[in-house]
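As numbered in my numbering, residues 2 to 306 make up the sequence shown, in order. Positions of the beta carbon are idealized from the N, C-alpha and C atoms, including for glycine. Computed from a prediction, not measured in an experiment: that's the story for all the values here.
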Amino acid sequence: MRRRGLLCAPFLLAAHTSLSHAFVPAHPHLSPFTSSKPSLFQHLRSSGVMPLSSVTYNSIDAAEDEDVVGKVTADPYIGTKLGTAREQFCAAMSNTAEGQAGEALKWIEEATRTQLTRGYMLTGELPCSVLQSLVMLSKAERVLEIGAYTGYSAVAMAATGAQVTTIDSFEDEPESEAIFHEGVRRSGLQIRLEKGKALAVLARLEQEVAKPFDLVFVDAEKRQQIAYYDFLMAHPRLWNPSGAICVDNTLWYSRVLRSKVEEGDDTTQAVVDFDRYVRNDPKSHVSLLPMRDGLTLIQRRRPPP
């Protein structure tokens, strides 16, 4: 909130006169906030003229505050130390699971990061907390996951009491399957694994399930995401149209923000295509959350009254 009259104090006006260069932008068309030079408030703080509590401290300041980012290593998905620090704080202030399931999640995270070459692919603690909230808010009883990896998100969602079925072939990193099975065993939860190619398993499940899944979490082959989405939307026996579809990695290392995808980068192009496809589908309401590598929430639109 802006503090009215803050710069009207005499000593601030004097300081402004002596430090007017702080407001000269690096380019005539840029605002003072885009200048690489220290702001007036930064000068006042560093000179001791004003204590921190008396000035407007915001996230621009936090990005350079050693107390905030000094010991943080930037997450490659998030890209900045401040973004990583904010997500870590949010995760620490959020719930995931306690007791036996909580200990299993800790073990899965440690085993994934130390034993696998792609440990960074682990679904983060905060996204899993959000998935748990979605399961509970929607009162989902049956959850389908496409892409199990090492079981972190499956255990997290099953810890809410929902029945979780997960699909994975484990072909990309075969070593992940052993961690998955051990993590599920440690959790004490009943999680059904359907091993195989996702589209083939989806087609079989559509014929087998007695009731549709209420929530689907997709964290699998990016080049198949439109196919997964279309199949789910077309088969209400498999996915409850009043439920939700959640898709991970829809920011894809922020590469989707670039004006042009590099030639040969098929995965980024697939994510860009998926983001546009679901956003432009009149059947769906879409929200893309800037959480870690992007989490897209999809719901089928209700017919107009």
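If you compare alpha carbons, which of the options is closest to residue i?
i, options, result
"K284", "M158, A155 and R303", "R303"
"A92", "M292, P306, L298 and I299", "M292"
"G148", "E110, S60, E183 and A199", "A199"
"D173", "M158, S134, M122 and L132", "M122"
"E1", "R187, T57, L296 and A159", "Summary: the structure shown does not reach residue 1, with the chain confined to residues 2 through 306, and so no result is reported for it."
"D276", "S260, V248, Y58 and Q300", "V248"
"A141", "A271, D68 and K212", "K212"
"G71", "L83, S60, D266 and P77", "L83"
"E126", "A163, Y58 and F90", "F90"
"M137", "T124, M158 and P128", "M158"
"L190", "A102, D266, A201 and Q270", "A102"
"L135", "V210, S60, F218 and A64", "F218"
"S205", "T268, E263, I168 and Y230", "According to the sequence provided, residue 205 is Arg. The question's Ser does not apply to it. Closest option to R205, Cα to Cα, is I168."
"N250", "Q226, Y58 and I61", "Q226"
"D282", "P306, Y230 and S260", "Y230"
"V73", "E88, S60, I61 and D62", "E88"
Who are the near neighbours of residue i in its chain, counting only those whose CB is closer than 6 Å to its CB and skipping five residues on each side?
i, result
"F232", "L203"
"F214", "R143, L145 and W240"
"R114", "G120"
"S288", "L298"
"T269", "W253, R256 and V262"
"A64", "L83"
Hey, would you say residue i sits closer than 8 Å to residue j, going by beta carbons?
i, j, result
"V279", "L216", "no"
"S130", "T97", "yes"
"L298", "A228", "no"
"E207", "H236", "yes"
"R193", "T166", "yes"
"S154", "D220", "yes"
"V272", "K196", "no"
"V69", "L106", "no"
"L178", "L117", "It should be noted that the sequence gives Glu, not Leu, for residue 178. Contact: no."
"L252", "D294", "yes"
"L307", "P77", "This structure gives no information on residue 307, because the portion of the chain shown stretches from 2 to 306."
"V262", "R238", "no"
Is residue i helix, strand or coil by DSSP?
i, result
"Q270", "helix"
"R238", "coil"
"S288", "strand"
"L252", "coil"
"I246", "strand"
"E209", "helix"
"E263", "coil"
"T297", "strand"
"H28", "Unreliable placement is indicated for H28, whose pLDDT of 40 sits below 50; the coordinate value is still reported in the next sentence. Note: H28 maps to coil in three-state DSSP."
"K196", "strand"
"V217", "strand"
"T35", "With a pLDDT of only 43 at T35, under the threshold of 50, the placement of this residue in the model should not be trusted, and no figure is reported."
"D76", "coil"
"D62", "helix"
"T57", "coil"
"T97", "coil"
"R277", "helix"
"T81", "coil"
"R87", "helix"
"R224", "helix"
"D231", "helix"
"D68", "helix"
Excluding the five sequence neighbours on either side, which residues of its own chain have a C-beta within less than 8 Å of the C-beta of residue i, listed in chain order?
i, result
"A112", "T151, I180, E183 and G184"
Near residue i, what residues of its chain come up, given a Cβ to Cβ distance below 7 Å and the 5 sequence neighbours on each side ignored?
i, result
"G80", "S255"
"H28", "Annotation note: pLDDT 40 at H28 (below 50); position unreliable, no value reported."
"S170", "K196, G197 and K198"
"H286", "Q300 and R302"
"L132", "S154, A157, M158, F218 and C247"
"D266", "none"
"T124", "Y153, S154, D220 and D249"
"W108", "G184 and R187"
"A75", "T81, K82 and T85"
query = Residue ranges of each alpha helix (DSSP H) run of no fewer than 4 residues wholly in the stretch 103-191, ordered along the chain?
reply = Correct list: 126-138, 153-159 and 177-188.
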